[in-house]
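Colleague: Protein sequence lines, in the order shown, are assigned to chains A and B. Per the numbering used here, residue 40 is the first one in the first sequence, and the count goes up by one each step. Per the numbering used here, residue 2 is the first one in the second sequence, and the count goes up by one each step. For each residue, glycine too, the CB sits at the ideal point set by N, CA and C. Quick caveat, the model's predicted, so the values are computed rather than measured.
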Amino acid sequence: MQIHRKLETLLLSPLGLFLAATVVLPAFILFGYSLFLWRFLEPVGALTFENYSESLTAPVSRQLVINTLLIGVPTTIASVVGGYALAYYSVFGTGRGRRLLFALIVTALMASYLVRIYAWRTLLGENGIVNSGLEALGLIGAPLQFLLFSRPAAILAEVSLFMPLAALAFYAALAGISPDYREASRDLGAGRGETLLRVTLPLTGPAILGTVVLTFFLSAGDYVTPVLVGGVGSSTVGTAIATKMGPAGDYGSGAADSFLVLMGFVFIYLVLRAAMRAGRILPERAA
Amino acid sequence: MSRRRGIPWLAFTCVALILFLYAPLAVATIYAFNSGTRLVWPPEGVSLRWFGHVFGDELFRNAFATSMTAAVATAVVSSSIGTVAAIVFTRRSTKLARLVEALGRLPVMLPPLFVGIGFVALMKATSLAPSMLTIVAGHTIVVIPFVILVVTARLRTYEVEVEQAARDLGATPLQVIGRITLPIIAPAVFGAFLVAFAFSFDELLITNFTSGTQSTVPIYVLGRLRRLVDPGANAVAVILLLIPWIAFGVGQVVLKRFTGSGLSDALLQQGR
Numbered sequence: 040m041q042i043h044r045k046l047e048t049l050l051l052s053p054l055g056l057f058l059a060a061t062v063v064l065p066a067f068i069l070f071g072y073s074l075f076l077w078r079f080l081e082p083v084g085a086l087t088f089e090n091y092s093e094s095l096t097a098p099v100s101r102q103l104v105i106n107t108l109l110i111g112v113p114t115t116i117a118s119v120v121g122g123y124a125l126a127y128y129s130v131f132g133t134g135r136g137r138r139l140l141f142a143l144i145v146t147a148l149m150a151s152y153l154v155r156i157y158a159w160r161t162l163l164g165e166n167g168i169v170n171s172g173l174e175a176l177g178l179i180g181a182p183l184q185f186l187l188f189s190r191p192a193a194i195l196a197e198v199s200l201f202m203p204l205a206a207l208a209f210y211a212a213l214a215g216i217s218p219d220y221r222e223a224s225r226d227l228g229a230g231r232g233e234t235l236l237r238v239t240l241p242l243t244g245p246a247i248l249g250t251v252v253l254t255f256f257l258s259a260g261d262y263v264t265p266v267l268v269g270g271v272g273s274s275t276v277g278t279a280i281a282t283k284m285g286p287a288g289d290y291g292s293g294a295a296d297s298f299l300v301l302m303g304f305v306f307i308y309l310v311l312r313a314a315m316r317a318g319r320i321l322p323e324r325a326a
Numbered sequence: 002m003s004r005r006r007g008i009p010w011l012a013f014t015c016v017a018l019i020l021f022l023y024a025p026l027a028v029a030t031i032y033a034f035n036s037g038t039r040l041v042w043p044p045e046g047v048s049l050r051w052f053g054h055v056f057g058d059e060l061f062r063n064a065f066a067t068s069m070t071a072a073v074a075t076a077v078v079s080s081s082i083g084t085v086a087a088i089v090f091t092r093r094s095t096k097l098a099r100l101v102e103a104l105g106r107l108p109v110m111l112p113p114l115f116v117g118i119g120f121v122a123l124m125k126a127t128s129l130a131p132s133m134l135t136i137v138a139g140h141t142i143v144v145i146p147f148v149i150l151v152v153t154a155r156l157r158t159y160e161v162e163v164e165q166a167a168r169d170l171g172a173t174p175l176q177v178i179g180r181i182t183l184p185i186i187a188p189a190v191f192g193a194f195l196v197a198f199a200f201s202f203d204e205l206l207i208t209n210f211t212s213g214t215q216s217t218v219p220i221y222v223l224g225r226l227r228r229l230v231d232p233g234a235n236a237v238a239v240i241l242l243l244i245p246w247i248a249f250g251v252g253q254v255v256l257k258r259f260t261g262s263g264l265s266d267a268l269l270q271q272g273r
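(1) Tell me which residues of the region 292–306 of chain A have at least one Cβ-Cβ distance to chain B shorter than 8 angstroms, keeping chain order.
(2) Let me make sure I understand the geometry here. Which of Gly272(A), Phe88(A), Gly132(A) has the alpha-carbon closest to that of Ala193(A)?
(3) Please list the partners that Thr114(A) has in chain B, where partner means a Cβ-to-Cβ separation under 8 angstroms.
(4) Buried or exposed, going by whether 16 or more other CB atoms sit within 10 Å of the CB of Val99(A)?
(5) Excluding the 5 residues preceding and the 5 following Phe52(B) in the sequence, name in chain order all residues of the same chain whose CB lies nearer than 7 angstroms to its CB.
(6) Quick check on the burial criterion: 16 or more other C-beta atoms within 10 angstroms. Buried or exposed for Leu227(A)?
(7) Which same chain residues end up closer than 6 angstroms to Arg106(B) when comparing Cβ atoms and leaving out the 5 residues on each side of it in sequence?
(8) Report yes or no: is there a C-beta of chain A within less than 8 angstroms of the C-beta of Asp203(B)?
(9) Is it buried or exposed, Ala158(A), if we count other Cβ atoms within 10 angstroms and call 16 or more buried?
(10) The region 11–31 of chain B: which residues have C-beta closer than 8 angstroms to a C-beta of chain A, in chain order?
(11) Taking Pro322(A) as part of the alpha helix (DSSP H), name the residues at either end of that continuous run.
(12) For the alpha helix (DSSP H) containing Leu49(A), name the first residue and the last one.
(13) Would you mind reading off the limits of the beta strand (DSSP E) that contains Pro82(A)?
(14) From the DSSP output, which residues share a beta bridge with Leu76(A)?
(15) Go through its chain and collect everything with a Cβ distance to Thr278(A)'s Cβ below 7 angstroms, but skip five positions before and after it.
(16) Measuring CB atoms only, is the region 219–233 of chain B touching the region 143–163 of chain A, in the sense that at least three cross pairs come out at less than 8 angstroms?
(17) By the criterion of Cβ-Cβ separation under 8 angstroms, what are the contact partners of Pro174(B) in chain A?
(18) What distance in whole Å lies between the Cβ atoms of Ser118(A) and Val198(A), which are believed to be in contact at a cut-off of 8 angstroms?
(19) Am I right that Phe298(A) and Thr243(A) are in contact with their C-beta atoms under 8 angstroms? What's the rounded C-beta distance?
(20) Check for me: the alpha helix (DSSP H) holding Arg231(A) runs from which residue to which?
(21) Going straight from the alpha carbon of Gly111(A) to that of Ala259(A), what length do you get?
(22) Please list the residues of the region 174–189 of chain B that have a C-beta atom closer than 9 angstroms to any C-beta atom in chain A, keeping them in chain order.
(23) Please confirm whether Val137(B) and Val196(B) have their CB atoms less than 8 angstroms apart.
(24) Do you know whose CA, among Leu95(A), Arg237(A), Leu253(A), lies nearest Arg319(A)'s CA?
(25) Compile a chain-ordered list of the residues in the region 178–197 of chain A whose CB is closer than 9 angstroms to at least one CB of chain B.
(26) With a threshold of 8 angstroms between beta carbons, is Ser3(B) in contact with chain A?
(27) Here's the rule I'm using: 16 or more other beta-carbon atoms within 10 Å means buried, otherwise exposed. How should Arg160(A) be labelled?
(28) Tell me the rounded alpha-carbon separation between Trp10(B) and Ala314(A).
(29) Excluding the 5 residues flanking Ile307(A) on each side, which residues of the same chain have their C-beta closer than 8 angstroms to its C-beta?
(30) Please confirm if Arg92(B) has its CB atom under 8 angstroms from at least one CB of chain A.
(31) Spatial neighbours of Ser3(B) within its chain, please: C-beta separation below 7 angstroms, excluding the five flanking residues on both sides.
(32) Check the Cβ-Cβ distances between Ser151(A) and every residue of chain B, and say whether any is below 8 angstroms.
(33) Within a Cβ cutoff of 6 angstroms, which residues of the same chain sit near Ala248(B), ignoring the five residues on either side of it in sequence?
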């Protein structure tokens, strides 16, 4: 059925106007805010780039970026590799396990975000199952304090948050590959490993690029995990922005940080894309 | 048929990964039914006392009511505005349609933190106080991409000819949408409604910025987690796990039954 212009506008405007008001407009407001210094929840003085220069030069920013990388990079690698393995088996694997695996991935994705973080406390806490188990085996005399409230704990929790998402993205990409390519590769004598490296991986290159950047981005923006299980050394750019825009009320600095982080991610995306093209995991014109 | 051999080490890896994903959830669930106060392993006995404890807490009951209201309102708003927009996306590719479609996809590519601080700025600039309205608006943003996915997947598979038939018989385009299109895609809209409900009920990262003094269930749990030893938290965790799972499960069954492909199939399109 042909939808005429007037009807099209009528049907699109509720969603369009809503997103314009709640996503696009706030981006401009935030940018405006970032150009002022703020005192007591109000902008003061004239237009300035001080928030940006302050964030770029302050030693604390450096530490925040380092923490973000120390949590985000291992989280991303583990989520993407694990997610790829899960997706690979649920697409190419054998037997009934395949469908069950897919159902388990989707169910894990739908499990509460907060509970997935919190649950690690019951596992890693002072009287948690890991400590009790090690004690019962006589391997340790007293509970290991460093299990919880540490960077590794934050990484574990974040991997359990983002791996199902990565798996779902890779499932879609892998299921979209025509079997002919993999068949041809094997007929030409390539083994399973060579087919994976030279056919399957490059065909899912765009999904890999997108998922790596998204996972890292989500990790950097997750301001709850570092607080709940990460402990003192885990303040990231995300927790800093959340504090500035929340309790601290330093909107100028928080907004400036957000734009710097966004630019950082565009940069990471471009570098990774170039690297993947150089490594022939991404076709020249894709993504 | 391709030559498939077993991939034993990969199967083993996948089992390990699934254990990694589910073991923490299983342990938290077991503790929720623990009769003791201390979180020692093995648990001291079985009881429902922590659930009674939680439901006896007025703060929890208020938070539960707030979450339910927000989730229903989000589901109603997002499935309505998402569905009518999706009807256009699948039929027209004008600049306006492409623009709104791209906007509708944006929220999945943005950490919720950024949507949340956008609301902080918006509320500050317009002097809007945090309320149910801002909670629902924030939730609607994050669920919109999923609503569009589920409804679009259905619109791509159904027979468009019936619409043309209705047109030939004299129906106006608006009548066709109201009396032909919407009834046919109703199961998918219902599925989208439940997905929106599930995500909204669990939303924390944006709600933190938009709820003000009101608590939703996730905000309530976050508050409880500031106490270090709190066996009751496991009971709330189980409730928070179950409600979105049930909503999603019902959506999956309904959609599979009426259209042959479930919610999970629609979600898959996201990666494409």
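Modeller: If we stick to the structure as given:
(1) Gly293, Ala294, Ser297, Leu301
(2) Gly272(A)
(3) Here the premise fails: no neighbours, minimum Cβ distance about 13 angstroms.
(4) exposed
(5) Ala236
(6) exposed
(7) Pro146
(8) yes
(9) buried
(10) Leu11, Ala12, Thr14, Cys15, Leu18, Ile19, Phe21, Leu22, Tyr23, Ala24, Pro25, Leu26, Val28, Ala29
(11) That residue, Pro322(A), is in no alpha helix (DSSP H); it is neither H nor E in DSSP.
(12) 44–58
(13) 81–83
(14) Val83(A)
(15) Tyr262, Pro265, Val266
(16) yes
(17) Met40, Gln41, Ile42, His43, Leu46
(18) 5 angstroms
(19) Rounded, the Cβ-Cβ distance is 31 angstroms, inconsistent with contact.
(20) 231–234
(21) 6 angstroms
(22) Pro174, Leu175, Val177, Ile178, Ile181, Thr182
(23) no
(24) Arg237(A)
(25) Leu195, Ala196
(26) Reliability of the predicted coordinates at Ser3(B) is poor, the pLDDT of 43 falling under 50, and the value obtained from them is presented with this limitation in mind. Chain A contact via Cβ: present.
(27) buried
(28) 30 angstroms
(29) Val252, Phe255
(30) yes
(31) Only weak support is given to the placement of Ser3(B): the predicted model assigns it a pLDDT of 43, under 50, and the question is left unresolved by the model.
(32) yes
(33) Leu195, Phe198, Ala199
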